[in-house]
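Each residue of the sequence shown is one higher than the one before, counting from 5 in my numbering.
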Amino acid sequence: MKVLVTGAAGFIGSATCKILLKNGHSVVGLDNLNSYYEVSLKESRIKDIQSMDQASAFTFVEAGIEERELVQKLFDTEKFDKVIHLAAQAGVRYSLENPHAYVDSNLVGFVNVLEGCRHNNVKHLVYASSSSVYGANETMPFVESDNVDHPVSLYAASKKANELMAHTYSHLYSLPTTGLRFFTVYGPWGRPDMALFKFTKAILEGEEIQVYNYGDHYRDFTYIDDIVDGIIKALNDVAKPDTDWNGKNPNPSTSKAPYRVYNIGAHDPVHLLSFIETLEDALGVKAKKQLLPIQPGDVPATYANVDALGNSTGYQPKTSVKEGVQNFVAWYKDYYQIT
């Protein structure tokens, strides 16, 4: 297949490109290399892809999904078989500071991708949603059939909007779409704005780590390899209409249209202080903690029920937090040349 991966220089996007290439597909990676976090890390991820034996099947395009004419031309020219849409303005806390970035990328950009798929006979669009859509929900574990009408950040609202927009295109144009609600992804090549990366940097530099909600967070930490495995499985399982769907008792995760939404997580929430202990063991260094109240837009716990994705595709997360954290620490020390 020829597959478009948006956000190809991102944490999940770059890992997804590598697996697609290893599986024999042709990949076009699109990314604007924005400065939300260090651009050099994004450039290094692209170079890592380009160093592969299969690199001749990879094309990188530096551009933003909000650039309507460019996106339209790319779709018209390349005629993709399938699309994995991972580009987005990420981050819950940053959405409090710069809301327009989320509108431009997560809403305008998503429409451009939907239009490209619609007009070029794309066989399946798989796109990134987020566990943040569960917002104020408190019933655990989170299930796709739950109501998600109470987001607590603009980032979460934009991801919920993506699911609604995708359903509209599935309904009107029979475009198969699958949304994946990611749960706290971590691992080698991870994002510097996320807890594991920030904690590792601070601990190794002898600085305090900022621990919100006084450490009383639970997160369904999910290793990058398990996430990518789920993405590929979802891509190959093209969304189909749910013949049992009933408008009088509507399931929000399926439809009479070719539309699906899945959780993709580890199904194993970990207490934040326990996660920090695992990191301390991997580093051989104790953390200095600054315990702080919960931040606006944050939620105390996430916990994914992944039965639906497992039943449909065979998805089964395999990597323990201990193994995943050790792998990240090994990568971090190698990448930043720390002895």
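Note that CB positions come from ideal geometry on N, CA and C, so glycine has one too. This one's a predicted model, so the numbers in the text were calculated from it and none came from an experiment.
Which residues bound the alpha helix (DSSP H) around residue i?
i	result
residue 344	The structure shown does not extend to residue 344, since the chain is modelled only from 5 to 343, so the question has no answer here.
residue 333	325 to 339
residue 74	72 to 82
residue 258	Where residue 258 is concerned, there is no enclosing alpha helix (DSSP H), given that its DSSP letter is neither H nor E.
residue 26	15 to 26
residue 103	103 to 106
residue 169	158 to 177
residue 51	43 to 54
residue 120	113 to 123
The beta strand (DSSP E) with residue i in it runs from where to where?
i	result
residue 213	212 to 215
residue 132	128 to 134
residue 30	30 to 35
residue 88	86 to 89
residue 66	62 to 66
residue 10	6 to 10
residue 294	292 to 295
When the Cα atoms are used, what is the spatial distance from residue i to residue j?
i	j	result
residue 132	residue 307	17 Å
residue 151	residue 255	9 Å
residue 275	residue 285	16 Å
residue 109	residue 280	33 Å
residue 125	residue 84	8 Å
residue 227	residue 271	12 Å
residue 292	residue 23	38 Å
residue 268	residue 310	6 Å
residue 65	residue 35	7 Å
residue 206	residue 339	16 Å
residue 288	residue 223	23 Å
residue 333	residue 324	14 Å
residue 277	residue 229	24 Å
residue 90	residue 7	13 Å
residue 283	residue 204	8 Å
residue 210	residue 43	25 Å
residue 76	residue 113	11 Å
residue 313	residue 144	17 Å
Report the partner residues of residue i according to the DSSP bridge assignment.
i	result
residue 185	133 and 267
residue 274	223
residue 146	308
residue 190	227
Of all the options the options, which has the alpha carbon lying nearest to the alpha carbon of residue i?
i	options	result
residue 138	149, 128 and 130	149
residue 154	145, 171 and 135	135
residue 294	316, 82 and 212	212
residue 296	342, 322 and 214	214
residue 173	107, 128 and 156	128
residue 9	45, 48 and 82	82
residue 240	87, 58, 342 and 14	87
residue 246	262, 208, 71 and 253	262
residue 140	104, 305 and 337	305
residue 103	161, 56, 233 and 32	161
residue 171	210, 115, 196 and 27	115
residue 265	250, 251 and 238	238
residue 79	43, 12, 105 and 117	117
residue 15	71, 186 and 204	186
residue 33	40, 53 and 231	53
residue 348	68, 43 and 49	It is not possible to answer for residue 348, since the shown part of the chain is limited to 5 through 343.
residue 69	47, 105 and 56	105
residue 316	342, 163, 236 and 143	236
residue 107	250, 47 and 159	159
residue 233	322, 39, 290 and 28	322
Does residue i get closer than 8 Å to chain C when you measure Cβ to Cβ?
i	result
residue 106	Among the protein chains of the structure shown there is no chain C, as only one such chain exists.
Would the stretch 176 to 196 and the stretch 8 to 20 be scored as touching if the rule is three or more Cβ pairs under 8 Å?
-> yes
Please determine if the stretch 108 to 125 and the stretch 174 to 189 are in contact, where contact requires at least 3 C-beta pairs separated by less than 8 Å.
-> yes
Spell out a yes or no on whether the stretch 246 to 264 and the stretch 208 to 227 are touching, meaning 3 or more CB-CB pairs, one atom from each, closer than 8 Å.
-> Taking one beta carbon from each stretch, the stretch 246 to 264 and the stretch 208 to 227 have fewer than 3 pairs nearer than 8 Å; the two do not touch.
Report yes or no: do the stretch 296 to 314 and the stretch 85 to 98 share at least 3 C-beta pairs separated by less than 8 Å?
-> yes
Would the stretch 321 to 341 and the stretch 195 to 212 be scored as touching if the rule is three or more Cβ pairs under 8 Å?
-> yes
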